[in-house]
Amino acid sequence: MSTIKLGATYKDVITGFQGVATGHVRYLTGCNQALIQPEAKDGDFKEAYWIDEQRLERVGGATITLDNEASPGFDKAPPMR
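Here is the structure:
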């Protein structure tokens with residue numbers, strides 16, 4: 022069972038990479054991963070990375086939550102053919 026909480030901040034114990042868990046995937050093989058999005062500095066977005074669960078430790082206590090009632094999807098329209 023996964024211990025990853027979406028919206029919580031995690032740190033990769035091997036690389037020190039840190040950010041908020043914005044996605045989670047469970048594989049048949051058991052190599053479950055979380056998508057970790059680092060904080061943007063000065064409006065410069067950083068790339069998110071999929072990291073194995075067992076490499077992550079939770080840091081900080083606050084969890085980010087989003088209200089998806091009014092806008093449940095991404096803010097851009099899908100590409101049209």
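Under the working numbering, think of the first position of the sequence shown as 22, with each following residue one higher. Built from N, CA and C at the ideal position, the CB exists for glycine as well. All values reported here derive from a predicted model rather than from experimental measurement.
Test item: CB-CB of residue i and residue j under 8 angstroms
i, j, result
"Gly81", "Thr30", "yes"
"Arg102", "Val34", "no"
"Ile57", "Ala69", "yes"
Option nearest residue i by Cα separation, candidates the options
i, options, result
"Lys26", "Val34, Lys32, His45", "His45"
"Val41", "Thr50, Glu90, Glu78", "Glu78"
"Gly28", "Phe38, Gln39, Thr43", "Thr43"
"Cys52", "Gln58, Ser23, Ala61", "Ser23"
"Arg47", "Asp88, Lys62, Glu90, Glu74", "Glu74"
Burial state of residue i, where buried means 16 or more other Cβ atoms lie within 10 Å
i, result
"Ile72", "buried"
"Ala55", "buried"
Any non-hydrogen atom of the ligand SAM within 7 angstroms of residue i CB
i, result
"Lys67", "Because no ligand of any kind appears in the structure shown, any question about the ligand SAM cannot be addressed here."
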